[in-house]
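Visitor: This is the structure I have questions about; it appears just below.
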Amino acid sequence: MEVCKGSECLKVELIAYSLPKDGNVDKLVAESGAISHAPHFKELNEERVKNLIELLKDLGHESVFEHACFTFRVEGISRICTHQLVRHRLASYTQQSQRYVKLKNPIFIAPESIMDSNFAEEYLELLEKASELYRKMVEGGIRKEDARFALPQSIETKIVITMNARELRHFIVLRCDKSAQWEIRAMAREMLRLAYEVAPILFQDLYAKYLKNTD
Ligand SMILES: Cc1cc2nc3c(=O)[nH]c(=O)nc-3n(C[C@H](O)[C@H](O)[C@H](O)COP(=O)(O)OP(=O)(O)OC[C@H]3O[C@@H](n4cnc5c(N)ncnc54)[C@H](O)[C@@H]3O)c2cc1C
């Protein structure tokens, strides 16, 4: 058994995103949006791209943002976190299966509040006991899909997430907020940081609100 304290094992990678043949994500979105008010498709310079994306944000015409997609690979998070994540319905997910994958060395995510408290020892004993029972049951012929009922929700999982930019912005607003739970907030902040790197205009406002000066 392994235990990750807080977000120390969290790993978020941006493995794919929409790139036009010529340009970047911001340009893709702006040039798609521009056709609504132009007789022909046309290329926009950087200033026009910026102005148009800001205008679309101000007007709330965010359907244009759906032309850009982002795919993230996430590991080092608990099933508690992914349970919250998959409530976001306008995204695509593929998650490691506990029916098909035998957890040879279960990893658990443990909140700092518990690990730094007097309950840490008792909590770790519980995780150890759950891992041991899971192992014994699988080796004793209980199917993995049933043996997993012994595992706490804090078990680590891996997931691939694809969101378009409109949904990603919505997700970030809800999950980077201070009211969000610490684990999904840490993941959302990483997703914002990575999205901002490749689409600085699309995510400028959210980066300024949730990440700048808070790193
Ligand atoms: C701080 C926090 C606390 C929470 N606590 C709880 C809780 O205690 N219990 C609980 O059950 N959930 C809780 N949630 C989850 C929350 O209720 C939402 O299910 C979750 O945030 C997904 O939001 P969403 O529906 O806006 O997003 P998405 O599913 O990503 O949808 C994006 C947007 O698309 C539109 N949309 C999507 N589907 C439909 C539809 N069927 N009909 C109409 N419009 C649609 C809506 O405009 C929606 O905002 C919490 C969320 C947060 C951020």
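Here the sequence shown is numbered in this note's numbering, starting from 70 and rising by one per residue. All C-beta atoms in this analysis are idealised placements derived from N, C-alpha and C, irrespective of residue type, glycine included.
In chain order, what are the residue ranges of uninterrupted beta strand (DSSP E) at least 3 long that sit wholly in the stretch 220 to 253?
Guide: 225 to 233, all fully within the stretch 220 to 253.
Visitor: Rank 123, 167, 237 by C-alpha distance to the C-alpha of residue 259 and give the top, closest one.
Guide: Nearest C-alpha to residue 259: 237.
Visitor: Could you tell me which uninterrupted beta strand (DSSP E) segments, each at least 3 residues in length, are contained entirely in the stretch 108 to 192, listed from first to last along the chain?
Guide: As far as the stretch 108 to 192 is concerned, its whole beta strand (DSSP E) runs of at least 3 residues are 138 to 147, 160 to 164, 176 to 179.
Visitor: Can you find the residues in the same chain that come closer than 8 Å, C-beta to C-beta, to residue 137, ignoring five residues on each side of it along the sequence?
Guide: Around residue 137: 86, 87, 94, 97, 98, 233, 234, 268, 271.
Visitor: With the cut-off set at 8 Å, would you say residue 278 and residue 213 are in Cβ contact?
Guide: Going by C-beta atoms, residue 278 is not nearer than 8 Å to residue 213.
Visitor: So the beta strand (DSSP E) residue 74 belongs to, where does it begin and stop?
Guide: Its beta strand (DSSP E) spans residues 71 to 74.
Visitor: On the three-state DSSP scale, how would you describe residue 85?
Guide: Correct three-state label for residue 85: strand.
Visitor: Classify residue 169 as buried or exposed, calling it buried when 16 or more other Cβ atoms lie within 10 Å of its own Cβ.
Guide: It counts as exposed.
Visitor: Whether or not the stretch 189 to 200 and the stretch 215 to 227 are in contact is what I'm after, with contact meaning three or more pairs of Cβ atoms, one per stretch, closer than 8 Å; do they touch?
Guide: Yes, since at least three Cβ pairs between the stretch 215 to 227 and the stretch 189 to 200 fall closer than 8 Å, the two stretches touch.
Visitor: Determine the extent of the alpha helix (DSSP H) in which residue 100 is found, giving its start and end residues.
Guide: Start and end: 94 to 103.
Visitor: Using the beta-carbon count (16 or more within 10 Å), is residue 133 buried or exposed?
Guide: So residue 133 ends up on the buried side.
Visitor: From 265, 220, 219, 280, pick the residue whose C-alpha is nearest to that of residue 247; which is it?
Guide: Checked all of 265, 220, 219, 280; the closest Cα to residue 247 is 280.
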